[in-house]
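In the order they appear, the protein sequences are chains G and Z.
One point on numbering: in full-length UniProt numbering, the residue at position 230 of the first sequence is 230, and numbering is uninterrupted.
One point on numbering: in full-length UniProt numbering, the residue at position 180 of the second sequence is 180, and numbering is uninterrupted.
See below for the structure under consideration.
2 protein chains.
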Amino acid sequence: MSDSSDVLRASIGLAVSTVIFALRDAEGDTSGPAVGTDAPATVWLPLVRRIREPQCGRWALPGGMVELDESLEGAARRNLAETTQLEPAYLEQLYAFGDVDRSPDRRLVSIVYWALVRPDEAERLTLGENVQWFPADELPELAFDHNLIVDYALWRLRTKMEYSAIAHAFLGDEFTLAELRGVYEAVLQKPLDPANFRRQMESSGAIEPTGGVVTGGRHRPPKLYRYTGDVQLVDAGPLTPRISA
Amino acid sequence: MSDSSDVLRASIGLAVSTVIFALRDAEGDTSGPAVGTDAPATVWLPLVRRIREPQCGRWALPGGMVELDESLEGAARRNLAETTQLEPAYLEQLYAFGDVDRSPDRRLVSIVYWALVRPDEAERLTLGENVQWFPADELPELAFDHNLIVDYALWRLRTKMEYSAIAHAFLGDEFTLAELRGVYEAVLQKPLDPANFRRQMESSGAIEPTGGVVTGGRHRPPKLYRYTGDVQLVDAGPLTPRISA
DNA sequence: ACAAAAGTGTTGCTTTTACACCCATGC
DNA sequence: GCATGGGTGTAAAAGCAACACTTTTGT
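Spelled out as structure tokens, the structure:
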């Protein structure tokens, strides 16, 4: 037993972690339509408090070790489900972090994923003493190199938002253009011209009208749209990221 | 001994591999100015033949196991130097491949890097029965999932060439605009308008004239340029890739 | 009627693209 | 001179950004 433990310590541990993004209003409420209402939505992420050494007590990204019989993405999904009950609509590999001194205890390499969840999906997260939502750009000091990891994931989210069609991973199957624009504005942190935004989206071929409208607002009823799925070309390499809508 | 071997087999092996790109003319000659001459340059990469099971005899990417006391990038550089004598000007992480069945023997996760080398640097590769250059888009069937990996690396190279300043990693410190354009044409596999290319480069702020010219050609002597290094902003995230020119 | 957001039109500016043309050198 | 690539000019086309204006609902 001590022998096998020594050998294990002499090998490199392989873990996965995931940066999960969701949009919530400034107060942190995901209930109701989180985007498109008055309060401007912002990017939040859930963190878990470490309950053992090292770095016990600090907030950290959800994650865990990779089992022998599961893929890297499979490990990410399993750990996500176990620690946060979340099953994200979008999940993509971010980067492998493996500096020698990034974990004080044993040598650890973490394959980090990043995920987007819809507001209704985000509701599944059972909050508690050790699980909380945090605004993405005002985080406390996290465990290990997790601050750097979140910064990088945020950069990737904002960069990719500008040239690909990942925004719909924050929304339901049907959405108005105002809601879609709200996603872009929340992530990019700047207002967008509604008229120009509409034309860009319509001419991109990424969305199509469903035929339905939303009544009930004290204004003209907006049309509903859905994603066509013709836009994978833009951001997919030979690895074909899975946008399992 | 058999005990520790069993425990090791029960853990996940961590390896690094690297896709190395260089430009060579159609016949595969890197001597002389590989770009800017008559023959259109194309993308080549060096492969090594596996000399042990599994997949013995097949061509594969250079790589090896990660040692306990070295970083991932350090492991990539060490393996590169050991198996190919190459010290690339540009080296960046590509992706972590970790499917359960990607290696028939033991469970193996490979952190793959991609690298760019200059023609003169590429000369250092000592060719032999088990080390050869191959044109990037007509490869034989490689070991493991290495065909998929090369395809992805090629896609990243071509994508990144369009919005960042990595082209100079294929060139020396000083270069003419025709040579630089030759790099773009070789990688993107399409001719570019010399006049417009010049203006785009000059207005980008990425290059500046050295003052020197190249005499000897049977035409007007072209000016020499160098990279300014002001363009890291474009492609760097919080991870600050090292373009150690 | 009025407020509010949906949706359309128009204009000016910047960027891209295509291609004509002049410049400097070796032979 | 003439061939060859280096380098400049220019104009049409396309894309982008700003903003005025019309439409349709709830109250």
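Every residue, glycine too, gets a C-beta built ideally from N, C-alpha and C.
In terms of Cβ geometry, G/Asn-147 and G/Leu-139 form a close pair [threshold 8 Å]. According to DSSP, residue pairing for Z/Ala-115 in a beta bridge involves Z/Ile-20 and Z/Leu-91.
Under a criterion of Cβ atoms nearer than 7 Å, the residues of chain Z adjacent to G/Ala-96 are, in order, Leu-72, Gln-93, Ala-96 and Ile-111. Taking 8 Å as the cut-off, the Cβ atoms of Z/Pro-54 and Z/Asn-79 do not count as close. Around the Cβ of Z/Ile-51, a 10 Å sphere holds fewer than 16 other Cβ atoms; the residue is exposed. Excluding residues up to 5 positions away in sequence, Glu-174, Lys-223 and Leu-224 lie with their Cβ nearer than 8 Å to the Cβ of Z/Gly-212 in the same chain. By the 16-neighbour rule on beta-carbons within 10 angstroms, G/Glu-162 is exposed.
Of all alpha-carbon atoms in Z/Ser-71, Z/Ala-26, Z/Thr-159 and Z/Ile-12, the one lying nearest the alpha-carbon of G/Asp-101 is that of Z/Ser-71. Under the three-state reduction of DSSP output, G/Asp-151 falls in the helix class. Below the 8 Å Cβ cutoff, chain Z contributes no neighbours of G/Val-43, its closest Cβ being approximately 15 Å away. In this structure, the straight-line span from the alpha carbon of Z/Val-19 to that of G/Phe-134 is close to 39 Å.
At least one CB atom of chain G sits nearer than 8 Å to the CB of Z/Ile-12.
With a cutoff of 8 Å on beta-carbon distance, Z/Ala-89 and Z/Glu-141 are scored as not near each other.
By the C-beta density criterion, G/Thr-176 is buried, having at least 16 other C-beta atoms within 10 angstroms.
Residue burial is scored here from C-beta neighbours: G/Asp-230 has fewer than 16 other C-beta atoms within 10 angstroms and is therefore classed as exposed. A Cβ-Cβ separation of about 6 Å places G/Leu-239 in contact with Z/Tyr-152 under the 8 Å criterion. Listed by position along chain Z, the residues whose Cβ is nearer than 8 Å to that of G/Arg-58 form an empty set, because the closest Cβ is around 20 Å away. Of the candidates Z/Leu-86, Z/Phe-170 and Z/Ser-164, Z/Phe-170 places its Cα closest to the Cα of Z/Pro-119.
The beta carbon of Z/Arg-181 lies closer than 7 Å to those of Leu-192, Pro-194 and Phe-197 in the same chain, with the five residues before and after it left out. By a beta-carbon distance limit of 8 Å, G/Phe-21 contacts G/Ala-136. Their separation comes to about 7 Å.
Proximity to Z/Glu-87 across Z/Ala-75, Z/Phe-97 and Z/Tyr-95 peaks at Z/Ala-75, based on C-alpha coordinates. In this structure, the alpha-carbon of G/Phe-144 lies about 13 Å from that of G/Val-48. The C-beta of Z/Val-100 comes closer than 8 Å to at least one C-beta of chain G. By the C-beta density criterion, G/Gln-85 is exposed, having fewer than 16 other C-beta atoms within 10 angstroms. The C-beta distance from Z/Ile-111 to Z/Val-16 rounds to 5 Å, short enough to fall under 8 Å. Neighbours of G/Pro-135 in chain Z, taken as residues at a C-beta separation under 9 Å, are lacking, since the least C-beta distance is about 18 Å.
G/Ser-204 and G/Lys-190 have their C-alpha atoms roughly 21 Å apart. Taking 8 Å as the cut-off, the beta carbon of G/Arg-220 is found no closer than this to the beta carbon of G/Glu-208. Per the C-alpha coordinates, the member of G/Leu-68, G/Thr-228 and G/Arg-77 positioned closest to Z/Arg-107 is G/Leu-68. For G/Pro-104, the number of other beta carbons within 10 angstroms of its own is below 16, and it is reported as exposed. DSSP places G/Thr-210 in the strand class (E or B) of the three-state scheme. Residues of chain Z with a Cβ closer than 7 Å to the Cβ of G/Val-66 are, in chain order, Ile-12. By the Cβ-count criterion, G/Gly-98 is buried, with 16 or more other Cβ atoms from all chains shown falling within 10 Å of its own Cβ.
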